[in-house]
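K.L.:
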Amino acid sequence: MISVKEAKYLISQHTTTLNPVSVDLANASGHILAANVYAKYDIPAFKQSSMDGYALKFEDHQQELRIIGEMAAGAATEIAIQNGETSRIFTGAPLPTGADTVVMQEKITRRDGNITLNDPNLKPGANVREKGSEIKTGALAMEKGDLLSPAAIGFLAGIGINEVSVYPMPKISIIVTGKELQHPGEVLEFGQVYESNSYSLYAALKQEGIEQIAVFEADDDLEILKKVLQTAVADCDVVLLTGGVSVGDYDFVIEAASYCGIKQIFQKVKQKPGKPLFFGTKDQKLIFGLPGNPSSVLSCYYNYVLPAVKALSLKNNSIIEVQARLTHAYAKPSGLTHFLKGKYENGMVTPLHAQESYRLSSFAQANCLICLDETKAYFTENEILNVLILPA
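Counting from 1, position 236 in the sequence shown corresponds to residue 236 in the UniProt record's numbering; the numbering is continuous, with no gaps.
The structure is reproduced here in structure tokens:
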């Protein structure tokens, strides 16, 4: 049995970033760039008005100017102005040849096809976006490792990029074991419980932007589990098994993993909940055997699975670790790290009720996991503890 620190280290050492793929820009949101992106064009590609108004030569701004036409955004025909002339212009439209300044429409007087300017503060080049002012041809637009946020997607689209190289989101399989499980909405027979682990894991993965998630059921049948596990390992980057990793007669995960050629990295961690946690690999695929109790599943997910899933796509872990003061004293047996469901607020943290591993009611109210060191048995009021803030 290994420590929590050792378990996290071993998982990180066996987690390799997935190979980059090219995707349409429209499908790249939330991904991490796998290569630098350079501008193919000057943007804007021409001098452009930033206001609705009139384009002119600045040297003419103190005289009456004759309107010779207008330029709208998307105009296909160029206009050239001479001294003493102006053109009506709209935001985003190309500047007429010869013009160097735009006066706002609110600062002119128009009469009989001519305008007079009423803007004593007008400067040369006012209200004009220069060619390449956003970015110039060949310039670095975004760097490898940058997150493709909505703004980043819009920026790249605006400079003409339609495809990018990214680190893909992993494909993940969830395998549920246990013949005592019943689907929500069905009538419970004697000895049955409702299956919730696949629901909580699926929701947690979707929250992280994971789209390719498969869910399998294997009951407590070794032969079925072998077949399902083989399929999952072949098709996915990460496999999450729930249940079947303890020491009962019907706990087949370890045997099935060995049969499928999965290399066991560790089994059992000095923690509560989640002591029977299994981790193995095959061809850079990650296989987690999670205990069957619902709170154990989520505690192991946030501590071990989520950081690995993030690392596969080169994304920062969304679990934030902070320090907080304990609102009241708490005691536990020494020898295991305890992860308590808690409420964090204003630098203080409170353990919630119902800490048993089979109970999810308190996890549903929690916004953090409180980490209690394995070597200690008693924690005093106002003692500073490490706290994992759960994704909102």
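C-beta: ideal position from N, C-alpha, C; glycine also. Computed from a predicted structure; not experimentally measured.
1. Give the straight-line distance between the Cα atoms of Met71 and Ala26, rounded to the nearest whole angstrom.
2. Straight-line CA distance for His183 to Ser196?
3. Taking the beta carbon of Ser149 as the centre, do at least 16 other beta carbons fall within 10 Å, making it buried, or is it exposed?
4. Can you give, in chain order, each stretch of the beta strand (DSSP E) that sits fully within the UniProt domain "MoaB/Mog" (173-311) and has at least 3 residues?
5. Which residues in the same chain have their Cβ closer than 7 Å to the Cβ of Asp373, if we skip the five residues on either side of it in sequence?
6. By how many angstroms is the C-alpha of Glu134 removed from the C-alpha of Lys107?
7. Given a cut-off of 7 Å, decide if Thr242 and Val176 are closer than it, judged by their beta-carbon atoms.
8. Touch check for the region 12-27 and the region 64-83: three-plus C-beta pairs under 8 Å?
9. Just to confirm my understanding: we take Thr109, look at its own chain, exclude 5 residues before and 5 after, and list those with CB closer than 7 Å. What are they?
10. On the three-state DSSP scale, how would you describe Gln323?
11. When we look at the beta-carbon of Asn316 and count the other beta-carbons within 10 Å, is it buried (16 or more) or exposed?
12. By DSSP, does Tyr9 sit in helix, in strand, or in coil?
13. Between the alpha carbons of Asp249 and Asn19, how many angstroms are there, rounded?
14. Assuming the contact rule is C-beta atoms closer than 8 Å, Cys368 and Gly342 should be a hit. Round their C-beta distance to whole Å, please.
15. Tell me whether the region 84-103 and the region 44-53 touch, counting them as touching only if at least three CB pairs, one residue from each stretch, are closer than 8 Å.
16. With the cut-off set at 7 Å, would you say Ser165 and Ala34 are in Cβ contact?
17. For Leu336, report the span of its beta strand (DSSP E) as first-last.
18. By Cβ distance, which residues of its chain are closer than 6 Å to Val215, with the 5 residues on each side in sequence left out?
19. Starting from Ser22, trace the beta strand (DSSP E) in both directions and tell me its first and last residue.
20. Where do the N-terminal and C-terminal ends of the alpha helix (DSSP H) with Leu156 fall, by residue?
P.N.:
Reading it off the structure:
1. As a position in the sequence shown, residue 71 is number 71, starting the count at 1. As a position in the sequence shown, residue 26 is number 26, starting the count at 1. The straight-line gap from Cα to Cα measures roughly 31 Å.
2. In the sequence shown, the residue the question calls residue 183 occupies position 183. In the sequence shown, the residue the question calls residue 196 occupies position 196. Near 8 Å, if we compare the C-alpha coordinates of Ser196 and His183.
3. On the sequence shown, residue 149 is found 149 positions in, with the first residue counted as 1. Exposed, since its Cβ has fewer than 16 Cβ neighbours within 10 Å.
4. List check, beta strand (DSSP E) in window: 213-219, 238-242, 263-267, 278-282, 285-290.
5. The count along the sequence shown starts at 1 and reaches residue 373 at position 373. Within the same chain, Asp373 has close Cβ partners Thr337.
6. On the sequence shown, residue 107 is found 107 positions in, with the first residue counted as 1. On the sequence shown, residue 134 is found 134 positions in, with the first residue counted as 1. Straight-line Cα distance between these residues: approximately 27 Å.
7. As a position in the sequence shown, residue 176 is number 176, starting the count at 1. As a position in the sequence shown, residue 242 is number 242, starting the count at 1. Yes, these two residues count as a Cβ contact at 7 Å.
8. no
9. Stepping through the sequence shown from its first residue, residue 109 is reached at position 109. These residues qualify, in order along the chain: Ile115, Thr116, Asn118.
10. Sequence index remark: in the sequence shown, residue 323 carries index 323 (1-based). Strand.
11. Numbered from its first residue, the sequence shown carries residue 316 at position 316. It counts as exposed.
12. On the sequence shown, residue 9 is found 9 positions in, with the first residue counted as 1. Looking at Tyr9 - three-state DSSP - the assignment turns out to be helix.
13. Indexing the sequence shown from 1 puts residue 249 at position 249. Indexing the sequence shown from 1 puts residue 19 at position 19. Low confidence applies to Asp249: its pLDDT is 45, below 50, so where it sits in the model is not reliable, and the reading given next is rough at best. One C-alpha to the other measures close to 40 Å.
14. For this step, residue 368 is matched to residue 368 along the sequence shown. For this step, residue 342 is matched to residue 342 along the sequence shown. Sure, about 5 Å apart at Cβ, within 8 Å.
15. yes
16. Here the question's residue 165 lines up with position 165 in the sequence shown. Here the question's residue 34 lines up with position 34 in the sequence shown. By the CB criterion at 7 Å, Ser165 and Ala34 fall inside the cutoff.
17. On the sequence shown, residue 336 is found 336 positions in, with the first residue counted as 1. Element bounds for Leu336: n/a, residue is neither H nor E.
18. In the sequence shown, the residue the question calls residue 215 occupies position 215. Counting only Cβ-Cβ distances below 6 Å, and skipping sequence neighbours, we find Ile174, Ser198.
19. As a working mapping, residue 22 is identified with position 22 in the sequence shown. Note, Ser22: beta strand (DSSP E), 21-24.
20. Here residue 156 refers to the residue found at position 156 when the sequence shown is read from its first residue. Counted as a single uninterrupted DSSP element, the alpha helix (DSSP H) harbouring Leu156 occupies residues 150-158.
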